[in-house]
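Q: Take this structure, written in structure tokens, and hold onto it; I'll ask about it next.
Residue numbers (the numbering used here): 23 to 82.
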């Protein structure tokens, strides 16, 4: 069982780009989990600004 896991890890994580991608995904997920409550209003305001940009362009 340990050999299977070791071979699987060696197959997927022998490429350094795959390791960097994995670490970036883990760091991004951890960032969103820990700071999500603080970031939610900011992200919501950005989304609302993009949605309202179309009607504002039609008015001007």
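For glycine and all other residues, C-beta sits at the position ideal for the given N, C-alpha and C.
When the Cα atoms are used, what is the spatial distance from residue 24 to residue 44?
A: Approximately 21 Å, taken between the alpha carbons.
Q: Between which two residues does the alpha helix (DSSP H) containing residue 82 stretch?
A: Element bounds for residue 82: n/a, residue is neither H nor E.
Q: Measure the alpha-carbon distance for residue 78 versus residue 65 and round it to whole angstroms.
A: Rounded to whole angstroms, residue 78 to residue 65 spans 20 Å at the Cα level.
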